[in-house]
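Which chain is which? The protein sequence lines are H and S, in order. Numbering-wise, numbering that gives the first Met the number 0 puts 154 at position 155 of the first sequence, and it's gapless, one number per residue. Numbering-wise, numbering that gives the first Met the number 0 puts 397 at position 398 of the second sequence, and it's gapless, one number per residue. The C-beta atom is built at its ideal place from N, Cα and C for all residues, glycine as well.
Protein chains: 2
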Amino acid sequence: MDTVTSPADAVIAAVRAFLGDRLSTNASVREQHSRGEDTTTPTLPDAVAFVETTEEVSRILALCHQHGVAVTPFGAGTSLEGHVNPVRAGISLDLSRMKAVLELNEEDMDVLIEPGVTRQELNAFLRDKGLFFPVDPGSHASIGGMCATRASGTNAVRYGTIRENVLGLEVVLADGRVIETGGRTRKASNGYDLTRLFIGSEGTLGVITKVRLRLHGIPEAMSAAVCQFSTLAAAVETVITVMQTGIPVARIELLDEDQMEACIRYSKLEGFAPLTTLFLEFHGSEASVKEQAESVEAIATDLGAQGFTWATDAESRNRLWQARHDAYWAAVALKPGHRGITTDVCVPISRLAEAVVQAKETALASGLTSCIVGHVGDGNFHCLILFPEGDQEGLERAWALDRAIVAQGLALGGTCSGEHGIGMGKREFLEQEHGPEALAVMRSVKVALDPRGIMNPGKMFRN
Amino acid sequence: MDTVTSPADAVIAAVRAFLGDRLSTNASVREQHSRGEDTTTPTLPDAVAFVETTEEVSRILALCHQHGVAVTPFGAGTSLEGHVNPVRAGISLDLSRMKAVLELNEEDMDVLIEPGVTRQELNAFLRDKGLFFPVDPGSHASIGGMCATRASGTNAVRYGTIRENVLGLEVVLADGRVIETGGRTRKASNGYDLTRLFIGSEGTLGVITKVRLRLHGIPEAMSAAVCQFSTLAAAVETVITVMQTGIPVARIELLDEDQMEACIRYSKLEGFAPLTTLFLEFHGSEASVKEQAESVEAIATDLGAQGFTWATDAESRNRLWQARHDAYWAAVALKPGHRGITTDVCVPISRLAEAVVQAKETALASGLTSCIVGHVGDGNFHCLILFPEGDQEGLERAWALDRAIVAQGLALGGTCSGEHGIGMGKREFLEQEHGPEALAVMRSVKVALDPRGIMNPGKMFRN
Numbered sequence: 000m001d002t003v004t005s006p007a008d009a010v011i012a013a014v015r016a017f018l019g020d021r022l023s024t025n026a027s028v029r030e031q032h033s034r035g036e037d038t039t040t041p042t043l044p045d046a047v048a049f050v051e052t053t054e055e056v057s058r059i060l061a062l063c064h065q066h067g068v069a070v071t072p073f074g075a076g077t078s079l080e081g082h083v084n085p086v087r088a089g090i091s092l093d094l095s096r097m098k099a100v101l102e103l104n105e106e107d108m109d110v111l112i113e114p115g116v117t118r119q120e121l122n123a124f125l126r127d128k129g130l131f132f133p134v135d136p137g138s139h140a141s142i143g144g145m146c147a148t149r150a151s152g153t154n155a156v157r158y159g160t161i162r163e164n165v166l167g168l169e170v171v172l173a174d175g176r177v178i179e180t181g182g183r184t185r186k187a188s189n190g191y192d193l194t195r196l197f198i199g200s201e202g203t204l205g206v207i208t209k210v211r212l213r214l215h216g217i218p219e220a221m222s223a224a225v226c227q228f229s230t231l232a233a234a235v236e237t238v239i240t241v242m243q244t245g246i247p248v249a250r251i252e253l254l255d256e257d258q259m260e261a262c263i264r265y266s267k268l269e270g271f272a273p274l275t276t277l278f279l280e281f282h283g284s285e286a287s288v289k290e291q292a293e294s295v296e297a298i299a300t301d302l303g304a305q306g307f308t309w310a311t312d313a314e315s316r317n318r319l320w321q322a323r324h325d326a327y328w329a330a331v332a333l334k335p336g337h338r339g340i341t342t343d344v345c346v347p348i349s350r351l352a353e354a355v356v357q358a359k360e361t362a363l364a365s366g367l368t369s370c371i372v373g374h375v376g377d378g379n380f381h382c383l384i385l386f387p388e389g390d391q392e393g394l395e396r397a398w399a400l401d402r403a404i405v406a407q408g409l410a411l412g413g414t415c416s417g418e419h420g421i422g423m424g425k426r427e428f429l430e431q432e433h434g435p436e437a438l439a440v441m442r443s444v445k446v447a448l449d450p451r452g453i454m455n456p457g458k459m460f461r462n
Numbered sequence: 000m001d002t003v004t005s006p007a008d009a010v011i012a013a014v015r016a017f018l019g020d021r022l023s024t025n026a027s028v029r030e031q032h033s034r035g036e037d038t039t040t041p042t043l044p045d046a047v048a049f050v051e052t053t054e055e056v057s058r059i060l061a062l063c064h065q066h067g068v069a070v071t072p073f074g075a076g077t078s079l080e081g082h083v084n085p086v087r088a089g090i091s092l093d094l095s096r097m098k099a100v101l102e103l104n105e106e107d108m109d110v111l112i113e114p115g116v117t118r119q120e121l122n123a124f125l126r127d128k129g130l131f132f133p134v135d136p137g138s139h140a141s142i143g144g145m146c147a148t149r150a151s152g153t154n155a156v157r158y159g160t161i162r163e164n165v166l167g168l169e170v171v172l173a174d175g176r177v178i179e180t181g182g183r184t185r186k187a188s189n190g191y192d193l194t195r196l197f198i199g200s201e202g203t204l205g206v207i208t209k210v211r212l213r214l215h216g217i218p219e220a221m222s223a224a225v226c227q228f229s230t231l232a233a234a235v236e237t238v239i240t241v242m243q244t245g246i247p248v249a250r251i252e253l254l255d256e257d258q259m260e261a262c263i264r265y266s267k268l269e270g271f272a273p274l275t276t277l278f279l280e281f282h283g284s285e286a287s288v289k290e291q292a293e294s295v296e297a298i299a300t301d302l303g304a305q306g307f308t309w310a311t312d313a314e315s316r317n318r319l320w321q322a323r324h325d326a327y328w329a330a331v332a333l334k335p336g337h338r339g340i341t342t343d344v345c346v347p348i349s350r351l352a353e354a355v356v357q358a359k360e361t362a363l364a365s366g367l368t369s370c371i372v373g374h375v376g377d378g379n380f381h382c383l384i385l386f387p388e389g390d391q392e393g394l395e396r397a398w399a400l401d402r403a404i405v406a407q408g409l410a411l412g413g414t415c416s417g418e419h420g421i422g423m424g425k426r427e428f429l430e431q432e433h434g435p436e437a438l439a440v441m442r443s444v445k446v447a448l449d450p451r452g453i454m455n456p457g458k459m460f461r462n
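Following this line, the structure appears as structure tokens:
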């Protein structure tokens, strides 16, 4: 009598034949691939495939397509919205070993990389070339994952999100076919924009196996500044005025008084008060950087800023931005034994003051500890909400607060996600934002490219 | 006995019932909608529908979908690649009367318009608000058409193409359903990027009925400069160095010696020689504009520029840019009784010198009169090729030269179209650029959104 083999077992046996021990069914490896840095309920994949080439990805997808087995791409595992949780088991496709820098064109300022390269690794590679890659989410994310979630960060106000910084992709489709999208030119009008279709598709349409990025020249001069305000509204008003004046700030980040207190403690930021604070950075020529900073200082002072501190040397600049970078950990450290979830609302800049003030009030009324940080030049802010680790009821209260803040943002013409993506946590808002017909178009694109629904099922769309 | 009614007649009768005399079967109206500013063989539509509302568009598309009748969207009719030629007859959908500016948000610097508004009309509307819309193709194109062809122009090097300047769209799908894409925020990670899917889709996926654009503040200061070179290579080398240095030029345009001679004659540009020439523009604060111009002057002088002329007053600036804007007409005026076609190759900037020099040599060898102008900061240039009006054999020689120049551009890692689109004239290159699998993905998206193939058939794809 034959043994009945499950579809997943059939795929595992076939993949093991060419992947060898890079196909793992080890319990702790599967556990490490059961979710990201999110708070979803972990799910174990049937196996984890540590791929090293496009061809391996293609063969695995062709097999999964044939057998109807789910595939969940996994990069650095830093998703905050459940993207890497393999909710229908199957294969967790770990791309973190695909770390080659394949081609650097210094004259054209572009680079071709594999998806497992992180931004920090890329910038380390570029350091002596006079070039840098500006998109900087808070975590050590992989660039493939950043493409999949349409990530951004603190530099987006000046350099754009990853959407504006990708020239082209190599993508393995659900059935194993391999395509190239885009090209090497700065612009093109040559058919549907498949590059932008895959950017932000959250692994639901295919697997990104190469990325061609646009780079930028390291500016001649950089300086940072900090200014503090007695009210949130005054800080936000300063941001709006700076943006409307067209000052090309490279970064303009807001930390509310609770976040600032957390950062002062955690990062030993001396000389600052626990007040609503803006961190700014200016890029350009020496003269232009000076002029930009003076213009912002004049605006901020006019709107009631208390002090305007400069940081022109690299060391003080780095200390500041490291503190901003560690804001999440600083907030979590406020309450030992706690974890955090974070909202990702983005609103039109004219509604930013209302959105941030409402979020703060709603958070205070909830009784939960929270801090607000924001990429406010883009109208995007995060409310970090703390809950006791392992406390399911606390987690549910935190999510209820998250949803309340999102609803407020949507009512102000905003979106539930500026940069983290939909994943599992924001699916309920997708239809609300786009309406049923636009969502139907998204679904029809999904069906056209992944007819058997194997690519990252359970993400973006409900059911 | 019943009269057999054709599908087109059935649609015409049904549309006339609600459009009245805005549905025209008049011969001269159909003739005006038989092609754009291209050299394709004109085709008459069965009727022209002058629509005024989204609802009318929706009803017409639903009828055409039901009866399998082709729909060819028509904006200002300025396409150079046959986009508005109704090759399968049916309905020419004229959107040029949809000219309302629906909503201006000065604080957020965005505007919601109907698709028939031209860039000149929009900028006239914005003049006293301190805002402008930068995307400026050479013609008086409609903004709906600019979205459909992923247009750009002289400002793209600084402000991006239309792709980077659209926040969202309203689109009527092939079957009449109406969707909204995008939103009001500067960035979002909230589902598939349907906005970018429709931008550059050349009317093959749906009809754009509203556009929400990102605007920019009119800079505090602007200045223009002209520098001339004895060789094409030196001019292009100057462009490459300026781009690599990261000087944020607003415009950097090249005119070869033949084009410059044409412009001197046509636009009475005094004080310039018929040499390869760069036209530049700088935007920013007074100090920054001065600094940018001085940096470019130093680079250009170093690379052998002969003279560097400044134009800081608005009148001389406008005269210069009007001359650049009229370059096409200046070239056509070189040979009375001639018309022109134009290539639209875009290459990585490191290959620009080769591409332009090769194009010039190939054009000279062909014996046809031609001029080169280019948005060279983006690696995009146009070779205007003249042929005697009405001379079919001359037109075919001109197209043969066009194809030879495109093939050279592709061999240098470029694309057949930087900004004009594929239409009918560049279809043969689409598969060559993307490969059969990527083209298959484009086709599967087309089938998913327009299963009956009524939307602008015969464009972008062959057969």
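Whole-number beta carbon distance between residue j and residue i, since they are thought to touch under 8 Å
| i | j | result |
| --- | --- | --- |
| His-419 (chain S) | Asp-343 (chain S) | 4 Å |
| Gly-422 (chain S) | Glu-80 (chain S) | 3 Å |
Residue i, DSSP secondary structure in three states
| i | result |
| --- | --- |
| Met-0 (chain S) | For Met-0 (chain S), the predicted model reports a pLDDT of 49, less than 50, meaning its position is unreliable; a value from the coordinates is still stated below. Coil, per DSSP. |
| Met-459 (chain H) | coil |
| Cys-63 (chain H) | helix |
| Leu-302 (chain H) | coil |
| Met-242 (chain S) | helix |
| Met-454 (chain H) | strand |
| Val-47 (chain H) | strand |
| Asp-37 (chain H) | coil |
| Gly-393 (chain S) | helix |
| Phe-132 (chain S) | coil |
| Pro-72 (chain H) | strand |
| Ser-78 (chain S) | coil |
| Glu-105 (chain H) | coil |
| Cys-262 (chain H) | helix |
| Ser-416 (chain H) | strand |
Test: residue i CB closer than 8 Å to a CB of chain S
| i | result |
| --- | --- |
| Trp-324 (chain H) | Just to set this straight, residue 324 (chain H) is His in the shown sequence, not Trp. His-324 (chain H) does not count as touching chain S. |
| Glu-290 (chain H) | yes |
| Asp-377 (chain H) | yes |
| Val-241 (chain H) | no |
| Val-177 (chain H) | yes |
| Val-3 (chain H) | no |
| Ala-437 (chain H) | yes |
Short CB-CB distance (under 8 Å) between residue i and chain H
| i | result |
| --- | --- |
| Val-346 (chain S) | yes |
| Thr-308 (chain S) | no |
| Asn-122 (chain S) | no |
| Val-441 (chain S) | Per the sequence shown, the amino acid found at residue 441 (chain S) is Met instead of Val. Chain H contact via Cβ: present. |
| Cys-370 (chain S) | no |
| Gly-245 (chain S) | yes |
Identity of the residues DSSP links to residue i by a beta bridge
| i | result |
| --- | --- |
| Thr-180 (chain H) | H:Leu-168 |
| Val-225 (chain S) | S:Phe-278, S:Thr-308 |
| Val-210 (chain S) | S:Ile-112, S:Leu-168 |
| Cys-508 (chain S) | Given that chain S is displayed from residue 0 to residue 462, the structure contains no residue 508 (chain S) and the question cannot be resolved. |
| Gly-336 (chain H) | According to DSSP, Gly-336 (chain H) bridges with nothing at all. |
Neighbourhood of residue i by C-beta, 7 Å cutoff - its chain only, sequence neighbours within 5 removed
| i | result |
| --- | --- |
| Gly-67 (chain S) | Pro-6, Arg-451, Ile-453 |
| Met-0 (chain H) | Caution applies to Met-0 (chain H), whose pLDDT of 48 falls short of 50 and renders its modelled position unreliable; the model cannot decide the point. |
| Thr-42 (chain H) | Ser-33, Asn-84, Pro-85, Val-86, Ala-88 |
| Ala-326 (chain H) | Leu-254, Gln-258, Cys-262, Val-372 |
| Leu-411 (chain S) | Val-346, Arg-350, Glu-353, Ala-354 |
Interface flag, residue i vs chain C, CB-CB below 8 Å
| i | result |
| --- | --- |
| Arg-29 (chain H) | Absence of chain C from the displayed structure is noted, the protein chains being H and S. |
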